[in-house]
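Residue numbers (our numbering): 28 to 358. Working notes, structure below.
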Amino acid sequence: MLDTKPLLTPTDFPSLRRGRLDTLQVNLGYLCNQTCTHCHVNAGPNRTELMSREVVDQVLTLLERGGMQTLDVTGGAPEMNPHFRHLVREARRLGVQTIDRCNLTILMHPDYPDLAEFLAEQEAMVTASLPCYSEKNVSEQRGKGIFDQSIAALQKLNELGYGRREELQLHLVYNPNGAFLPPPQAGLEADYKRELKEKYGILFDRLLTITNMPISRFGGMLLAKDLYPQYMQLLKDNFSIANLESVMCRSLISIDWQGYVYDCDFNQMLNWAVHDRNARVENGGLIASDQKRMHIADLLAGSALPEEILIGEHCYGCTAGQGSSCSGALA
Numbered sequence: 028m029l030d031t032k033p034l035l036t037p038t039d040f041p042s043l044r045r046g047r048l049d050t051l052q053v054n055l056g057y058l059c060n061q062t063c064t065h066c067h068v069n070a071g072p073n074r075t076e077l078m079s080r081e082v083v084d085q086v087l088t089l090l091e092r093g094g095m096q097t098l099d100v101t102g103g104a105p106e107m108n109p110h111f112r113h114l115v116r117e118a119r120r121l122g123v124q125t126i127d128r129c130n131l132t133i134l135m136h137p138d139y140p141d142l143a144e145f146l147a148e149q150e151a152m153v154t155a156s157l158p159c160y161s162e163k164n165v166s167e168q169r170g171k172g173i174f175d176q177s178i179a180a181l182q183k184l185n186e187l188g189y190g191r192r193e194e195l196q197l198h199l200v201y202n203p204n205g206a207f208l209p210p211p212q213a214g215l216e217a218d219y220k221r222e223l224k225e226k227y228g229i230l231f232d233r234l235l236t237i238t239n240m241p242i243s244r245f246g247g248m249l250l251a252k253d254l255y256p257q258y259m260q261l262l263k264d265n266f267s268i269a270n271l272e273s274v275m276c277r278s279l280i281s282i283d284w285q286g287y288v289y290d291c292d293f294n295q296m297l298n299w300a301v302h303d304r305n306a307r308v309e310n311g312g313l314i315a316s317d318q319k320r321m322h323i324a325d326l327l328a329g330s331a332l333p334e335e336i337l338i339g340e341h342c343y344g345c346t347a348g349q350g351s352s353c354s355g356a357l358a
């Protein structure tokens with residue numbers, strides 16, 4: 028696969044500094060039952076990376092110490108990690124709001140027959156990928172048969188109370204099926220709600236629009252089709268300085284399947300880890316900040332996160348137009 032990583036530095040993107048953290052985003056691994064064209068994780072059925080129980084328990088210890096109100100669980104298909112239920116159950120016991128980034132089809136997989144019921148029991152917020160309310164567009168982006176399974180999964184969630192009860196929040200996620208920006212979130216949400224209710228009787232709470240990042244699988248597609256320069260220019264032409272105030276990296280940190288710390292999920296996929304500036308090598312001598320990736324164990328041991336956030340050309344994806352984050356549009 029072609030890689031955009033060498034093209035993302037240097038950058039003229041404005042510098043960013045960390046604000047108050049309220050969200051811990053945890054990637055439980057890259058194993059997934061799907062292979063989507065827009066996936067910035069390169070997730071799929073053949074990936075073997077999965078977070079261990081040891082790291083999961085470190086995540087829970089960090090949450091127990093307080094300060095972060097939300098646990099955002101992602102993958103791959105995070106539910107395929109054998110420790111997924113332990114993490115969700117214990118996080119909820121701590122009173123932490125828990126988001127499951129769900130691809131929907133995993134809810135219909137024969138190996139996970141009671142998964143939807145478990146999520147409802149734990150009152151986990153389900154944030155589910157549904158790139159379009161049109162079967163044709165979903166099939167192009169996610170594969171044949173995915174749309175019908177997704178509709179069945181949404182109907183199952185509705186039957187359990189999702190989208191109908193305040194404590195069972197159901198959000199859908201739209202990603203463009205190509206090298207263009209998402210349309211305005213509010214208008215598209217109205218379209219989704221109308222079409223899904225009229226055709227399938229489906230209800231949901233919010234639609235989140237997320238811009239495709241020029242990295243990993245989507246970035247490789249841009250390079251293969253010679254669209255990378257045009258797409259980057261599109262992002263830069265639509266840059267909005269107002270979005271800098273609310274980009275997700277200022278209030279979130281991302282933990283990968285091994286426990287290493289990143290400023291966001293996109294930096295994680297680029298392997299741009301946060302570095303522990305207080306780290307020491309075994310002989311006791313200080314080492315340079317770019318030689319020691321920060322691990323969640325370092326946070327538990329008292330290491331402080333650096334204030335400065337690692338940036339690259341891909342950051343224009345979060346600040347173009349209405350803005351984009353894991354919580355949807357910023358504007």
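Even for Gly, the Cβ is constructed at its ideal location relative to N, Cα and C.
{"Check": "Sub-8 Å separation of Gly202 and Pro158 beta-carbons", "Outcome": "Here residue 202 is Asn; the residue named in the question, Gly, does not match the sequence. Contact flag set, yes."}
{"Check": "CB contact check: Val165 to chain B, cutoff 8 Å", "Outcome": "The question asks about chain B, but that chain is absent: this structure has only one protein chain."}
{"Check": "Alpha carbon of Val82 to alpha carbon of Lys252, nearest angstrom", "Outcome": "39 Å"}
{"Check": "Which listed residue (Leu55, Leu134, Arg74) has its alpha carbon closest to that of Gly102", "Outcome": "Leu55"}
{"Check": "Inter-residue Cα distance where the pair is Ala306 and Tyr189", "Outcome": "Confidence at Ala306 is low in this model, with a pLDDT of 47, below 50, so its placement is unreliable and the value that follows should be read with caution. Cα to Cα, Ala306 sits roughly 45 Å from Tyr189."}
{"Check": "Backbone secondary structure at Gln260 - three-state DSSP", "Outcome": "helix"}
{"Check": "Backbone CA spacing between Gln196 and Ala147 [nearest angstrom]", "Outcome": "10 Å"}
{"Check": "As assigned by DSSP and simplified to three states, the class of Val53", "Outcome": "strand"}
{"Check": "Heavy atom of the ligand COA within 7 Å of Ala324 beta-carbon", "Outcome": "In terms of ligand content, the structure shown is empty, and the ligand COA therefore cannot be addressed."}
{"Check": "Cβ-based neighbour list, Ala179, same chain, cut-off 7 Å, excluding 5 preceding and 5 following", "Outcome": "Met135"}
{"Check": "Euclidean distance between Cα positions of Arg119 and Glu106", "Outcome": "16 Å"}
{"Check": "Coil, strand or helix - Gly355 by DSSP", "Outcome": "strand"}
{"Check": "C-alpha gap between Ser166 and Ala358, whole angstroms", "Outcome": "30 Å"}
{"Check": "Closest residue to Thr62 among Lys171, His113, Asp127, Asp99 (Cα-Cα distance)", "Outcome": "Lys171"}
{"Check": "Completely contained beta strand (DSSP E) runs for the region 32-119, where each covers 3 or more residues", "Outcome": "50-54, 97-101"}
{"Check": "Buried or exposed by the 16-neighbour rule on C-beta atoms within 10 Å, applied to Pro256", "Outcome": "exposed"}
{"Check": "Alpha helix (DSSP H) segment containing Asp127, residue limits", "Outcome": "Taken as a continuous stretch (DSSP letters only), Asp127 belongs to no alpha helix (DSSP H), being part of the beta strand (DSSP E) at 124-129."}
{"Check": "Range covered by the beta strand (DSSP E) that runs through Met135", "Outcome": "Neither: Met135 is in no beta strand (DSSP E) and is coded neither H nor E."}
{"Check": "Secondary structure of Phe293, DSSP reduced to three states", "Outcome": "helix"}
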